[in-house]
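Worksheet for the structure shown next.
Number of protein chains: 2
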Amino acid sequence: MRWIHFSAPGAAAAYGILEADDRIREVRGTPFGTHEPTGRTHRLADVKIQVPLVPRTFYAAGLNYVKHIREYAEQTGNPVAIPPQADIGYRAVNALVAHEEAVVIPPDAQQVEYEGELVVVIGREAKGLSEADALSCVLGYTIGNDVSERLWQASDRTFWRSKNCDTFKPMGPWIETDFDIDAAETTVRVNGKVRTHFRTGEMLYDIRTFISRMTRYLTLHPGDVIWMGTDGKSPRIVAGDTVEVEISGLGLLRNRFVAR
Amino acid sequence: MRWIHFSAPGAAAAYGILEADDRIREVRGTPFGTHEPTGRTHRLADVKIQVPLVPRTFYAAGLNYVKHIREYAEQTGNPVAIPPQADIGYRAVNALVAHEEAVVIPPDAQQVEYEGELVVVIGREAKGLSEADALSCVLGYTIGNDVSERLWQASDRTFWRSKNCDTFKPMGPWIETDFDIDAAETTVRVNGKVRTHFRTGEMLYDIRTFISRMTRYLTLHPGDVIWMGTDGKSPRIVAGDTVEVEISGLGLLRNRFVAR
Numbered sequence: 001m002r003w004i005h006f007s008a009p010g011a012a013a014a015y016g017i018l019e020a021d022d023r024i025r026e027v028r029g030t031p032f033g034t035h036e037p038t039g040r041t042h043r044l045a046d047v048k049i050q051v052p053l054v055p056r057t058f059y060a061a062g063l064n065y066v067k068h069i070r071e072y073a074e075q076t077g078n079p080v081a082i083p084p085q086a087d088i089g090y091r092a093v094n095a096l097v098a099h100e101e102a103v104v105i106p107p108d109a110q111q112v113e114y115e116g117e118l119v120v121v122i123g124r125e126a127k128g129l130s131e132a133d134a135l136s137c138v139l140g141y142t143i144g145n146d147v148s149e150r151l152w153q154a155s156d157r158t159f160w161r162s163k164n165c166d167t168f169k170p171m172g173p174w175i176e177t178d179f180d181i182d183a184a185e186t187t188v189r190v191n192g193k194v195r196t197h198f199r200t201g202e203m204l205y206d207i208r209t210f211i212s213r214m215t216r217y218l219t220l221h222p223g224d225v226i227w228m229g230t231d232g233k234s235p236r237i238v239a240g241d242t243v244e245v246e247i248s249g250l251g252l253l254r255n256r257f258v259a260r
Numbered sequence: 001m002r003w004i005h006f007s008a009p010g011a012a013a014a015y016g017i018l019e020a021d022d023r024i025r026e027v028r029g030t031p032f033g034t035h036e037p038t039g040r041t042h043r044l045a046d047v048k049i050q051v052p053l054v055p056r057t058f059y060a061a062g063l064n065y066v067k068h069i070r071e072y073a074e075q076t077g078n079p080v081a082i083p084p085q086a087d088i089g090y091r092a093v094n095a096l097v098a099h100e101e102a103v104v105i106p107p108d109a110q111q112v113e114y115e116g117e118l119v120v121v122i123g124r125e126a127k128g129l130s131e132a133d134a135l136s137c138v139l140g141y142t143i144g145n146d147v148s149e150r151l152w153q154a155s156d157r158t159f160w161r162s163k164n165c166d167t168f169k170p171m172g173p174w175i176e177t178d179f180d181i182d183a184a185e186t187t188v189r190v191n192g193k194v195r196t197h198f199r200t201g202e203m204l205y206d207i208r209t210f211i212s213r214m215t216r217y218l219t220l221h222p223g224d225v226i227w228m229g230t231d232g233k234s235p236r237i238v239a240g241d242t243v244e245v246e247i248s249g250l251g252l253l254r255n256r257f258v259a260r
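Quick note, the sequences are listed as chains A and B, same order. Residue 227 in our numbering sits at position 227 of the first sequence, and the numbers go up by one each step. Residue 245 in our numbering sits at position 245 of the second sequence, and the numbers go up by one each step.
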């Protein structure tokens, strides 16, 4: 099932269920609490797609695919450092934009790159989950582009502007509740041309490992998200480029990059 | 003026204005949007104080007082590294607890310490503020205790469990809108005995510097908070200890530490 957050012309944002014929069945409420059909339907082509949710806490795995870790180390001239354990990090909600919204490159940004990522959306409160039970708190999955400025990533003490400039976190287009990660592939295209391709499930630490380890120490809440990291390498993205992140079975997240 | 977030017995949480006679004048709405008096009043002693807000984004300056930076470097055996610029970091809302709520020490935590901090509460959306105008987006100030497990802080790739275990972020007791940072002193007591004392305003990078630099790249939103860092050093805190962080002109944040 696909949960979509959208706004119809002249109406406030609402959630709906996207059906195979591109029809949205609008609901009252949210996927994270009670909800009921309104009886209203919309054509997907007629609405604006909104960010699927503004997370309560925005978690990100960071380095979680071995090839990406090697290539990033090569680029920065640092030794290859494979994380010895699943330590989660954070991103910030100010940076979120929806499918088809622009990523705005600040005037002093120099080396902007994409990172196509699987996003886990938490649907139920969870603490102390075993790996076997870890997925019981997951509502569904969406797609993220963890846009990064590599010089700031190297120079700054935190990732605050390298990863979290306004508009640097495209997420969407919707939340898919039925997803087979083992069959999934992530493909990133720049201006229509494939530049990165990897098996989505080939993570260093998988979703169960992260959720089980995280919930030993912290409570996950409905509306938290976990971005699972990326593989491979990105070319430098410049104003005018369009980046599409596609994950088979989930959909496609497309954003144009523009200069501020 | 003091904004307090509280719950009266049997009632949902509400905001109110705390007056000098310890009377709370309840409002409908929040300090971050429209609000109006309800006509209801409560005695402070009769209510439960709640976390002043659950921030939209939870910013933290981290290393921002020179003495603390030196002492932390000494403790970890690392060279003293004074941050060359105001790079903001993040904490997580799962960890928040209110004044008088317990901080729960996980069974495998070993070196738990306090960090008494001034907290800036953002009241208005802001982008591109000059240092001169930086404080125009501030609603007020509260107190935070940035509880930290130092071994995890050294071993983990991020601060996820060293700083953000459930209950590791006491914040409160209320939001004070009138505050003279130059006159303020921060005092931390353990079981009633003063263990840390410093001038609140003696920061490496002040509030204006942080807000101006942050809003070059990101939008601050009503309900964001910025924790401004701490000075000095903490003893090891163990189950049974009570930690009080007092900032003159703001109030006092008290929390007991317990074992899980």
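From the three backbone atoms N, C-alpha and C, an ideal C-beta is built for every residue, glycine too.
Tell me, please, whether the CB atom of histidine 68 of chain B is closer than 9 Å to any CB atom in chain C?
Absence of chain C from the displayed structure is noted, the protein chains being A and B.
Enumerate in chain order the residues of its own chain whose CB-to-CB distance from alanine 45 of chain A is below 8 Å, with the five nearest sequence positions on each side excluded.
Within the first sequence, numbered from 1, the residue matching residue 45 of chain A stands at position 45. Excluding sequence neighbours, alanine 45 of chain A sits near Asp22.
Using only the alpha-carbon positions, how far apart do isoleucine 82 of chain B and leucine 63 of chain B sit?
In the second sequence, residue 82 of chain B corresponds to position 82, counting from 1. In the second sequence, residue 63 of chain B corresponds to position 63, counting from 1. One C-alpha to the other measures close to 8 Å.
Would leucine 63 of chain A pass as an interface residue toward chain B - the criterion being a Cβ-Cβ separation below 9 Å?
By one-based count along the first sequence, residue 63 of chain A stands at place 63. With 9 Å as the cut-off, leucine 63 of chain A counts as an interface residue toward chain B.
Buried or exposed for glutamate 176 of chain A, please, with buried defined as at least 16 other CB atoms from any protein chain shown within 10 angstroms of its CB.
Here residue 176 of chain A refers to the residue found at position 176 when the first sequence is read from its first residue. Buried: at least 16 other Cβ atoms inside 10 Å.
Within this structure, are the beta carbons of glutamate 246 of chain A and threonine 187 of chain A separated by less than 9 Å?
For this step, residue 246 of chain A is matched to residue 246 along the first sequence. For this step, residue 187 of chain A is matched to residue 187 along the first sequence. Yes, Cβ-Cβ distance for glutamate 246 of chain A and threonine 187 of chain A is below 9 Å.
Give me the Cβ distance between asparagine 255 of chain A and threonine 219 of chain B, rounded to the nearest whole Å; I'm assuming they're in contact under 8 Å.
Here residue 255 of chain A refers to the residue found at position 255 of the first sequence. Here residue 219 of chain B refers to the residue found at position 219 of the second sequence. Not a contact, Cβ separation roughly 18 Å.
Do three or more CB pairs link the region 194-207 of chain B to the region 27-38 of chain B at distances below 8 Å?
no
Could you tell me if valine 225 of chain B is buried or exposed, where buried requires 16 or more neighbouring beta carbons within 10 angstroms of its beta carbon?
Along the second sequence, read from residue 1 onward, the residue named residue 225 of chain B stands at position 225. It is buried - the Cβ of valine 225 of chain B has at least 16 other Cβ atoms within 10 Å.
Chain B residues whose Cβ lies nearer than 7 Å to that of threonine 158 of chain A
Translated into the one-based positions of the first sequence, residue 158 of chain A becomes position 158. Within 7 Å Cβ-Cβ: Asp87, Ile88, Gly89.
My assumption, with CB atoms under 8 Å, is that valine 147 of chain A sits in contact with valine 112 of chain A. Please give the rounded CB distance.
Taking the first residue of the first sequence as 1, we reach residue 147 of chain A at position 147. Taking the first residue of the first sequence as 1, we reach residue 112 of chain A at position 112. Contact flag correct, Cβ pair sits at about 7 Å.
Output, in chain order, the set of chain B residues within a Cβ distance shorter than 8 Å of leucine 96 of chain A.
For the purposes of this step, residue 96 of chain A is identified with residue 96 of the first sequence, where counting begins at 1. Under the 8 Å cutoff, chain B gives no residues; its nearest Cβ is about 11 Å from leucine 96 of chain A.
Any contact between the region 38-54 of chain A and the region 202-219 of chain A? By contact I mean 3 or more CB pairs, one from each, below 8 Å.
no
Which first and last residues belong to the beta strand (DSSP E) in which methionine 171 of chain B is found?
Along the second sequence, read from residue 1 onward, the residue named residue 171 of chain B stands at position 171. Note, methionine 171 of chain B: beta strand (DSSP E), 169-176.
Whose C-beta lies closer than 8 Å to the C-beta of aspartate 241 of chain A among residues of the same chain, with five residues either side of it excluded?
For the purposes of this step, residue 241 of chain A is identified with residue 241 of the first sequence, where counting begins at 1. The residues are Val190, Asn191, Arg256, Phe257.
Residue closest to glutamate 131 of chain B, alpha-carbon to alpha-carbon, out of B:Glu115, B:Met214, B:Arg150
Here residue 131 of chain B refers to the residue found at position 131 when the second sequence is read from its first residue. Measuring from the Cα of glutamate 131 of chain B, the nearest candidate turns out to be B:Met214.
Return the first residue and the last residue of the alpha helix (DSSP H) that threonine 209 of chain A is part of.
Taking the first residue of the first sequence as position 1, residue 209 of chain A is located at position 209. Note, threonine 209 of chain A: alpha helix (DSSP H), 207-217.
Against chain B, with Cβ distances strictly below 9 Å, would proline 138 of chain A count as a contact?
Position 138 of the first sequence, counting from 1, holds the residue named residue 138 of chain A. It should be noted that the sequence gives valine, not proline, for residue 138 of chain A. So no, valine 138 of chain A is outside the interface.
Using beta-carbon positions only, say whether tryptophan 227 of chain B and valine 120 of chain B come within less than 9 Å of one another.
One-based indexing of the second sequence puts residue 227 of chain B at position 227. One-based indexing of the second sequence puts residue 120 of chain B at position 120. Cβ atoms of tryptophan 227 of chain B and valine 120 of chain B: closer than 9 Å.
Going along chain A in order, which residues have a C-beta closer than 8 Å to the C-beta of aspartate 166 of chain B?
Taking the second sequence and counting its residues from 1, one reaches residue 166 of chain B at position 166. What aspartate 166 of chain B touches in chain A: Lys127, Tyr217, Leu218, Thr219.
Could you tell me whether the Cβ of methionine 214 of chain A comes closer than 9 Å to any Cβ of chain B?
Numbered from its first residue, the first sequence carries residue 214 of chain A at position 214. It does: the Cβ of methionine 214 of chain A has a partner Cβ on chain B nearer than 9 Å.
Considering only residues of the same chain and omitting the five flanking positions on each side of aspartate 108 of chain A, which have a CB-CB separation below 6 Å?
Indexing the first sequence from 1 puts residue 108 of chain A at position 108. Here the set comprises nothing.
C-beta neighbour in chain B for arginine 56 of chain A, strict 9 Å:
Numbered from its first residue, the first sequence carries residue 56 of chain A at position 56. It does; some Cβ of chain B falls within 9 Å.
Would you decide whether aspartate 182 of chain A is buried or exposed? Buried here means 16 or more other CB atoms lie within 10 Å of its CB.
Counting from one through the first sequence, the residue named residue 182 of chain A turns up at place 182. By the 10 Å Cβ count, aspartate 182 of chain A comes out exposed.
As an exercise, report each continuous alpha helix (DSSP H) stretch of at least 4 residues that is fully enclosed by the region 119-189 of chain B, in chain order.
Counting only runs of 4 or more, we get 150-155, 160-164.
Cβ distance (whole Å) where valine 104 of chain A is taken to contact aspartate 156 of chain A below 8 Å
Along the first sequence, one-based indexing puts residue 104 of chain A at 104. Along the first sequence, one-based indexing puts residue 156 of chain A at 156. No, valine 104 of chain A and aspartate 156 of chain A are not in contact; Cβ-Cβ is about 19 Å, not under 8 Å.
Alpha helix (DSSP H) segment containing alanine 73 of chain B, residue limits
Here residue 73 of chain B corresponds to residue number 73 of the second sequence, with the count starting at 1. First-last of the alpha helix (DSSP H) with alanine 73 of chain B: 66-76.
Do proline 31 of chain A and glutamate 123 of chain A come within 9 Å of each other at the CB atom, strictly closer than that value?
Here residue 123 of chain A refers to the residue found at position 123 when the first sequence is read from its first residue. Here residue 31 of chain A refers to the residue found at position 31 when the first sequence is read from its first residue. One point to set straight first is that residue 123 of chain A is glycine, not glutamate, in the sequence displayed. Yes, these two residues count as a Cβ contact at 9 Å.
Ordered along the chain, which non-local residues of its own chain (more than five positions away) have a Cβ less than 7 Å from that of proline 222 of chain A?
The count along the first sequence starts at 1 and reaches residue 222 of chain A at position 222. Hits under 7 Å: Phe32, Ile122, Gly123, Arg124, Glu125.
Among the residues of its own chain, which have a CB less than 7 Å from the CB of alanine 86 of chain B, if the five just before and after it don't count?
Position 86 of the second sequence holds residue 86 of chain B. Same-chain partners within the cutoff: Tyr205, Thr209, Phe210, Arg213.
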